[in-house]
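Colleague: Below is one structure. I have some questions about it.
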Amino acid sequence: MQINTKIIDGTKIANVIKDNLAQEIKNLAPKNVSLAVILIGDNSASKIYIKNKQKACDYVGIKSHIYVLPYNTNNQDILDLIEVLNNDSNINGILVQLPLPQHINQELVIQAIDIKKDVDGFSKESLGSLIIGNPFFTSCTPTGIIELLKHENIEICGKKCVIVGRSNIVGKPLALLLLNENATVVICHSKTKNLKSELMSADIIICAVGKANFITGDMIAPKSIVIDVGINKDENGKLCGDVNFNSCIGIASYITPVPGGVGPMTIAMLLKNCIKAANIERKF
Ligand code: GUN
-3 MQINTKIIDG
7 TKIANVIKDN
17 LAQEIKNLAP
27 KNVSLAVILI
37 GDNSASKIYI
47 KNKQKACDYV
57 GIKSHIYVLP
67 YNTNNQDILD
77 LIEVLNNDSN
87 INGILVQLPL
97 PQHINQELVI
107 QAIDIKKDVD
117 GFSKESLGSL
127 IIGNPFFTSC
137 TPTGIIELLK
147 HENIEICGKK
157 CVIVGRSNIV
167 GKPLALLLLN
177 ENATVVICHS
187 KTKNLKSELM
197 SADIIICAVG
207 KANFITGDMI
217 APKSIVIDVG
227 INKDENGKLC
237 GDVNFNSCIG
247 IASYITPVPG
257 GVGPMTIAML
267 LKNCIKAANI
277 ERKF
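If you count the sequence shown from 1, position 115 lands on 111 in our numbering, and the numbers rise without skipping.
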């Protein structure tokens, strides 16, 4: 059975959201919304992600402040910077780009961010409010995936969603967001016994493992919806996702490409969270 696979254009959807956010900022009084981004070291992928975030901020009218600290920065210096930013009423959102160097205590750093400025939604408080079903700031990639599905009018309620990957920033919060949408959720990971049989039973598959071409067309059921979170390089150095895109065409009903699928949505959700943070600041 050959299926006409729809390729979900994440860039186009994110652009619509960004235009709406730009308009929202124009209507704010005062209009200033700002984001502080902290990068430690010179991870080349992180530098590209930050540049993209900066560009998107410029586009919608959010002022971004980028702090680049050397690789050998210690925990205390990062905590001191976060404290300054926490106390600066001109800064609405604070984001520390991950991954951090090995010698940095990631949990300590994330927890140091004022929860009212936690636009990444990585703090224990943000994750806890998601668990009890009353989310505030939610992690941008999972939130972007829910928005993508909704934008395509893909029903989530009652669907079996199989997530591959159990990270704190994608897999786990995504499971909770999908559960809040009344999906039946399975989280698979490196120790899962029979991944293919789990995938075959899925209506919606979301893969976030960081392994090039990990899921292939023969592992998915006809008409399933495939969301690819991975950003990898293949053996030829070409950007690719966790899903072998070409082999899923004709089998999946929907698929997200890499690049141009989930990535732009992550950034759009970050901008949305910054505006939310600015609106809280105005209430205090
Ligand atoms: N590294 C990879 N994805 C993310 C993200 O969404 N936020 C931050 N802060 N770091 C990341």
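From the three backbone atoms N, C-alpha and C, an ideal C-beta is built for every residue, glycine too.
1. Regarding residue 136 and ligand 1, is the C-beta to nearest heavy atom distance less than 7 Å?
2. For ligand 1, is there a heavy atom less than 7 Å away from the beta-carbon of residue 262?
3. Could you tell me which residues DSSP puts in a beta bridge with residue 60?
4. Between residue 238 and residue 26, what straight-line distance do the alpha-carbon atoms span, to the nearest angstrom?
5. With three or more beta-carbon pairs closer than 8 Å as the criterion, would you say the region 170 to 186 touches the region 241 to 250?
6. Is there at least one non-hydrogen atom of ligand 1 closer than 7 Å to the beta-carbon of residue 50?
7. For residue 155, does the three-state DSSP call read helix, strand or coil?
8. Is residue 92 near ligand 1, going by C-beta to nearest heavy atom under 7 Å?
9. Three-state secondary structure (DSSP) at residue 91?
10. Quick check on DSSP: helix, strand or coil for residue 262?
11. State the Cα-Cα distance for the pair residue 105 and residue 171, rounded to the nearest angstrom.
12. What number of angstroms, rounded off, separates the C-alpha of residue 6 from the C-alpha of residue 12?
13. Helix, strand or coil: how does DSSP classify residue 55 here?
Modeller: In short:
1. Yes.
2. Yes, the beta carbon of residue 262 sits closer than 7 Å to at least one heavy atom of ligand 1.
3. 31.
4. Their backbone Cα atoms lie some 42 Å apart in a straight line.
5. The region 170 to 186 is not in contact with the region 241 to 250.
6. Result no, Cβ not under 7 Å from ligand 1.
7. When secondary structure is reduced to three states using DSSP, residue 155 falls in the coil class, being assigned neither helix nor strand.
8. Flag set: Cβ of residue 92 near ligand 1.
9. Reduced to three states, the DSSP call for residue 91 is strand.
10. It is helical.
11. Here the C-alpha atom of residue 105 lies approximately 24 Å from the C-alpha atom of residue 171.
12. For residue 6 and residue 12, the gap between their C-alpha atoms comes out near 10 Å.
13. Three-state result, residue 55: helix.
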